[in-house]
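What follows is a single structure, written as structure tokens, with notes after it.
There are 2 protein chains.
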Amino acid sequence: MNLLSVDTIEQAREKIRACVKSLPIKNETVSLDESLGRILALDIFAEEDIPAFNRATVDGYAVISSDTAGAGEAIPVFLKCAGEVSMGEAAGFSIHSGECAYVPTGGMIPSGADAVAMIEYCEDSGGSIAVYEAVASGAGVALAGEDIKKGALLLRRGTLIRPQEAGALSAAGIIHFPVFVPLRLSIISTGDELVSPEGIPAPGKIRDINSNALKALSLRRGYSVVSSKIVSDDAALLEAAIGEAIAISDVVVISGGSSKGEKDSTASAINRAAKPGVFSHGLSLKPGKPTILGWDEESRTLLAGLPGHPVAAMVVFELLLGWLCDKLFDRPPGFAVPARISCNVPGSPGRAVCQPVILRLEGDSYTAEPVFGKSGMITTLTRADGYVMIDLNKEGLKKGESVMVHLF
Amino acid sequence: MNLLSVDTIEQAREKIRACVKSLPIKNETVSLDESLGRILALDIFAEEDIPAFNRATVDGYAVISSDTAGAGEAIPVFLKCAGEVSMGEAAGFSIHSGECAYVPTGGMIPSGADAVAMIEYCEDSGGSIAVYEAVASGAGVALAGEDIKKGALLLRRGTLIRPQEAGALSAAGIIHFPVFVPLRLSIISTGDELVSPEGIPAPGKIRDINSNALKALSLRRGYSVVSSKIVSDDAALLEAAIGEAIAISDVVVISGGSSKGEKDSTASAINRAAKPGVFSHGLSLKPGKPTILGWDEESRTLLAGLPGHPVAAMVVFELLLGWLCDKLFDRPPGFAVPARISCNVPGSPGRAVCQPVILRLEGDSYTAEPVFGKSGMITTLTRADGYVMIDLNKEGLKKGESVMVHLF
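In structure tokens form, the structure reads like this:
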């Protein structure tokens, strides 16, 4: 890996984008019940007005607003009560000048009426109603289509289904709709030192952290994890594992040891198992330098060799593969939290730095306190609420400087 | 409902807290694989050191640091190579003064050695190794227990399991652990005007929004939804539905119409179905005033009568029942996003105001733009990214004022 060939995050993203433009993005139809947290695959248009009829937004008397002109606390207008609208029923009659009709909140406004005088300002004086306020046209009324107009865009492609989107789709009667099918992702953890988390490590061995951490991160970012395995540092076994994963995946993640020899063997294995193979070898990111990206054209599979250190592996996953899902699914990135950094943080010449931080609320603003730790330390991330990116052209952060914290 | 009996949000929360202190909070053991997004029910302590042995954090030669004193670019120290440590194997030998041993990143440091000289500063000169740098004790080494000490608190009760927590639990070999069992919640939507979202509403009727919106919100906030039904405005039917829900739920949500008569009938039905019944009648919150809270002591069930308007129902749910889950499960609230409000927003005398907003990123800071809309309009919330609370003692917000946006 020579320094000249190292990519910036933007360059690596551009190369990924060029490859994956041929990736087949699929939709599937789901019901509202199963859709929470999924991403809309198509723009959804309203097929009817919502509300479908003029509705009262207060309890009161539906009136013709011009009939109430001049009414006030001292001088009521007297209107003949033409009837009462029952909740959930068609009004069934019209209002003419000089008339009114009782309507409960949510009830249908009879035709002819254009406003509702609130019950608090009305008095039943035996057959006729004294109205003690002048109401403007539209007061107390939600007009048909005021919430959603027939034919209007209700929700755009790329929208995350939250509780309120479930509500809007319910209102529009759209209970089946297309969402994106998650990309299929396989995880390969490599290293002679790894044992499964269930196991008791012999001396010199450690439990595999990356399989479970990357699996959880994949699910959170919208992938489906189709396979996960530990492979020892053996060229033939690694090549075979990559080949098997390519056959069933859109993305294959290989988290390798970070030692020199292992990095080279991941690149070689990708080059043997995939054509054209490696297209990016090294990332100008700290942590995350030993990152390798490859592509298999025949199966249209992206391959990502991530660093073995858990923090570096998760950071690179988030910045490249989390980003990829956002791009492919047209999903806006999440909101970052503006904060001030609590102390000086050194940059790294020629490399962007991803710095984990803890957020502390002080009054109405946040302070971001860096969590320092060797990149093999997973507790760096369990203590962190998010991370701050330091641009590769920046010398570092000065205490008190404004930063944007991306939540982890 | 008289004004004197209306509760502030804090008063309502205090009353809820007093009731639910007898609510049985249960744990269940889950596997790591099923735990993403769950809340730890107990403090988790590490049962062993992580790493379990001193590990190299770079490729290089394990040395006794004092042996390298005085070494530099021009003047190497020569050390005898006592062996090579294989990845994933016990070192199997010790280092004595004048010796060194090759160790790959992640490999076990032989006993005796206290530092690793990076391979870039070493040269193999046939049997002996020339070391061109003086290394301090601990350089290039992750000490046993440096990430997590045996017996130390690994994760505290109330921790949300994110990908990094899955990683830390994997590292510690803790693959089964207790999480909170979600509270059981039932949803009753009341109103003669409601039809199920699958149906075609007859004139005067509308589709039920709240069942699906509140169901999704319940799931997101950590409840399990055990039943959901639409009930017409009939006192006996409503009482029966509440009775059935109480029998199987920890929390029963009744989203009622907002008209005067209906509010009273929800309170009466709660009082007939639950003992002691209603303990809070009206909330000094906009939107959300017609909120009713009750308690059934025998079954230990909380009852919440929410406004019928979807925006108001979701706001009250979030502020009272979302808050309740955080409290019961010892979970810190999520992070709000500091922003500046884009225009003046009126307050409401004597009531807190929940104002939905859109967040716009401008450079490194956010502007919060209010989404105004009648409280029956669900699109107010699909357009919003979050909400701002205006304190009940505040006259309103001035354009440019700092606000905290709670993401929805």
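Chains A and B are the protein sequences, given in the same order.
Position 356 of the first sequence, counted from 1, bears residue number 356 in our numbering, the numbering being contiguous throughout.
Going from the second sequence to our numbering is simple: count from 1 and add 1000.
Note that CB positions come from ideal geometry on N, CA and C, so glycine has one too.
For residue i, does the three-state DSSP call read helix, strand or coil?
i         : result
A:Leu36   : coil
A:Ile246  : helix
A:Met87   : coil
B:Ala1130 : strand
A:Ile230  : strand
B:Glu1093 : The question names Glu, but residue 1093 of chain B is Phe in the sequence shown. Here B:Phe1093 sits in coil by DSSP.
A:Leu319  : helix
B:Gly1308 : coil
B:Arg1157 : coil
A:Thr291  : coil
A:Asn344  : coil
A:Ala74   : coil
B:Met1404 : strand
B:Pro1163 : helix
Verify whether the separation of the beta carbon atoms of residue i and residue j is less than 8 Å.
i         : j         : result
A:Asp233  : A:Gly191  : yes
B:Val1357 : B:Ala1368 : yes
A:Leu359  : A:Gly322  : no
B:Cys1325 : B:Leu1183 : yes
B:Pro1310 : B:Asn1393 : no
B:Asp1330 : B:Gly1158 : yes
A:Val278  : A:Ile187  : no
B:Ser1035 : B:Ala1172 : no
A:Val63   : A:Val135  : yes
B:Val1316 : B:Gly1288 : yes
B:Ala1144 : B:Tyr1061 : no
B:Ile1230 : A:Asp147  : no
Starting from the C-beta of residue i, find all residues in its chain whose C-beta is less than 7 Å away, skip the five residues before and the five after it, and write them out in chain order.
i         : result
A:Leu397  : Ile341, Asn344, Val345, Ile390 and Val403
A:Ala12   : Ser280, Leu283, Leu293 and Leu320
A:Ala90   : Met108
B:Ser1005 : His1281 and Gly1282
B:Gly1112 : Ile1064, Ser1094, Ile1095 and His1096
In angstroms with no decimal places, state the Cα-to-Cα distance between residue i and residue j.
i         : j         : result
B:Tyr1102 : B:Asp1059 : 8 Å
A:Ser170  : B:Leu1293 : 26 Å
A:His96   : B:Val1371 : 36 Å
B:Gly1376 : A:Val85   : 19 Å
B:Lys1149 : A:Thr266  : 32 Å
A:Val226  : A:Ala56   : 52 Å
B:Val1388 : B:Ala1336 : 9 Å
A:Leu217  : B:Ala1304 : 36 Å
B:Ser993  : B:Ser1137 : Past the edges of chain B, shown from 1001 to 1408, lies residue 993 of chain B, and the structure says nothing about it.
B:Glu1384 : A:Ile175  : According to the sequence shown, residue 1384 of chain B is Ala rather than Glu. B:Ala1384 and A:Ile175: Cα-Cα distance of roughly 22 Å.
B:Leu1040 : B:Ile1161 : 7 Å
B:Ala1082 : A:Arg38   : 57 Å
B:Ser1189 : A:Cys19   : 50 Å
A:Ala74   : A:Gly92   : 33 Å
A:Gly350  : B:Leu1185 : 54 Å
A:Asp43   : A:Cys100  : 42 Å
B:Ser1128 : A:Pro290  : 30 Å
B:Gly1098 : B:Asp1067 : 7 Å
A:Ala115  : A:Glu133  : 12 Å
A:Asp49   : A:Leu32   : 20 Å
B:Lys1015 : B:Val1030 : 33 Å
Enumerate in chain order the residues of its own chain whose CB-to-CB distance from residue i is below 6 Å, with the five nearest sequence positions on each side excluded.
i         : result
B:Ala1130 : Pro1076, Phe1078 and Glu1123
B:Glu1395 : Gly1347
B:Lys1026 : Val1181
B:Thr1008 : Ser1284
A:Ile206  : Glu193
B:Leu1406 : The sequence shown places His at residue 1406 of chain B, not Leu. Here the set comprises Ala1336, Gly1386 and Tyr1387.
B:Ile1119 : Asp1059 and Gly1060
My guess is that residue i and residue j are in contact by the Cβ rule of under 8 Å, so how many angstroms apart are they, rounded?
i         : j         : result
B:Gly1373 : B:Thr1382 : Between B:Thr1382 and B:Gly1373 the Cβ distance is about 11 Å, and since that is not below 8 Å, they are no contact.
B:Leu1302 : B:Asp1250 : 7 Å
B:Ala1274 : B:Ile1246 : 6 Å
A:Phe53   : A:Ala152  : The Cβ separation is near 17 Å, so there is no contact.
A:Ala235  : A:Ala269  : 6 Å
Going by the C-beta, is residue i closer than 7 Å to any heavy atom of the ligand MN?
i         : result
B:Pro1338 : With respect to small molecules bound, the structure shown includes none, and the ligand MN cannot be examined in it.
Got a sec? Which residues, its chain only, sit under 8 Å from residue i by beta carbon, not counting five neighbours each side?
i         : result
A:Leu219  : Val225
B:Gly1400 : Arg1340 and Ile1341
A:Pro307  : Ser255, Gly256, Ser258, Pro287, Gly288, Lys289, Pro290, Thr291, Ala313, Val316 and Ser375
B:Gly1199 : Arg1207
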